[in-house]
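Worksheet for the structure shown next.
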Amino acid sequence: MTLSAPEIRQILDALDRDDVDRVADVNGTTPELAAALQKRYGAKVDVFAMDAEGARQPVDDAALQAYLAGIARHGGDPERVKPADPGKKIRPYDVIATLGGFGSTHKIKHFRKVLANGLHPQSRVVLDIKLGSGSYPFLKEFGTCNTLVEPAKGRPGRAILSATPVTGNAGAWSEIAQDLAGPAGFFEDLGEHSMLFQERSDTLVVTFDNLDIAMEKRDERRPWGYSFIKAQGWSMLGVMANGWTWFRDPRVDEAFMGLRDGGFFDRFGRVVFYGASMGGYAAAAFSAAAPGSTVFVTSPQSTLDKTIVPWEMRYKTAWDRDFSGPFGDAAITSQAAGRVHILYDPYVAPDAAHAARFTGANVAHWQCPLLGHRLGSSLQQMGALKEITIAAIEGTLDRPSFYQLLRKRRDLPRYQRELVHHAVERGHPDLALKVCNHILARRSDKALRGIASQLQAAS
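So the number in our numbering is just where the residue sits in the sequence shown, counting from 1, plus 1317.
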């Protein structure tokens, strides 16, 4: 199997990783992808040999030499490639590739051992999926799949699995949340979802988050934005999803309608809906429960209704959810808000397409080029997210101040690497080399050092 340059770019964009240190290429089917990961991140690559039943084998020397030649041919570093020892336990990898392998040519069930041992909370798995293989139901145990190419008869599809361990955190969260609510707040268990309210001031921030992420990936085990909101002295209504649900649940709809009809939102002088990606969708969608509210979202989806967004090939796990009803299409329901701030990377095509669906007069689009889908994390690393968010909530965010803050991305490693790769891909090697040299004069970056060497040799 040989991947084209557009296919590699599509995969790299869908991985949505700031760093990739360790890569596993199962049966060495894609040296061009491994080389691209080396050039972008300076990754180390382990080549696995496995038979169709999932049994590990020693890597054939002739096959390894051919793989190393492929790595070199595509601009990678053969010295950062080694065969995996079949006698050693599989360690977690940042990226695992099984293209043309398990899920397409081989049964996905025989890949269980690799998934059980090779994933950490931020792992990605790149795989081809044969129509009718049962791969999607099987993979739900390990995370959520973003479909890049839909499988069809006679042609496998392609997907990225983002690891999200199913941990059964609802009980532990219930105890934590009830304690956090205290006598002035409340906690409501809605089954697949829950609501935590803490009262502090007449500014209410409504956030949306995935329970497993909050409990497993944050040391403080709190909802997204919790510490920031608390530090500002604002009240908070945190809505948690026990899984990748996109909050599409009649009980969540009923809860928001009950809060609206009961005058809950009227108690506050200012109401803000705040979220990212899945949480960004929910923040925009449920803002209709508080007309006149402020919406601040990063990389949101507008809907996952395939009749409306047939081009959205990600998040297959939620495609069968019902996106109708009073809070279904966020691009429509958010028109009742006072102001809708949408931050997105215009180079992430589906994110840009969703942003374009928000056309209301109350919408402000804020482009964040080359910061990726998880741009909230990038803005936070830059030290700009807090200031931008506060300004948006207080109604003082304007174009000059926003783009002045965005200039901080010049020192962000992710942005620097993306800038170099965009220059190369658009046929500007001299500019890419100039950027590499500028960065390397200020800090060490093994990936950019390799690119600079290649560009220098080619000039």
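Cβ atoms here follow ideal geometry from the backbone N, Cα and C, with glycine treated the same way. Please read all numbers here as calculations on a predicted model, not as lab measurements.
Asked	Found
Output the distance between the C-alpha atoms of His1437 and Gly1499, rounded to the nearest integer angstrom.	34 Å
Could you tell me which residues DSSP puts in a beta bridge with Tyr1591?	Thr1524, Phe1613
Name, in chain order, the residues that DSSP records as bridge partners for Tyr1661.	Gln1684
So Pro1400 is in the alpha helix (DSSP H); what residue range does that whole segment cover?	Run containing Pro1400: none in the alpha helix (DSSP H); it sits in the beta strand (DSSP E), 1398-1400.
Helix, strand or coil for Leu1465, going by three-state DSSP, please let me know.	strand
Using 10 angstroms around the beta-carbon of Trp1490, count the other beta-carbons present and answer buried if the total reaches 16, otherwise exposed.	buried
Any idea what DSSP makes of Gly1555, helix, strand or coil?	strand
Check this for me: beta carbons of Thr1676 and Gly1596, under 8 Å apart or not?	no
If Asp1781 and His1690 are in contact, beta carbons under 8 Å, what's the gap, nearest whole angstrom?	Examination of residue 1781 is not possible in this model, given that the chain is present from 1318 through 1776 alone.
Alpha carbon to alpha carbon, what distance is there between Ile1546 and Phe1573?	21 Å
Can you name, in chain order, every residue of its own chain whose Cβ lies under 6 Å from the Cβ of Val1556, other than the five neighbours on each side?	Met1512, Phe1525
Can you give the Cα-Cα distance for Phe1640 and Gln1374, rounded to whole angstroms?	46 Å
Considering only the beta carbon of each residue, do Thr1464 and Met1630 sit closer than 8 Å?	yes
Between the alpha carbons of Ala1386 and Pro1395, how many angstroms are there, rounded?	8 Å
Quick one: what does DSSP say Gln1618 is sitting in, helix, strand or coil?	coil
Count the other CB atoms within 10 Å of the CB of Ser1450; is the residue buried (16 or more) or exposed (fewer)?	buried
Taking C-beta to C-beta, are Arg1638 and Arg1565 nearer than 8 Å?	yes
Can you tell me which residues form a DSSP beta bridge with Lys1361?	Arg1339
According to DSSP, is Ser1604 helix, strand or coil?	helix
By DSSP, does Gln1515 sit in helix, in strand, or in coil?	strand
Can you tell me which residues form a DSSP beta bridge with Gly1460?	Ala1480
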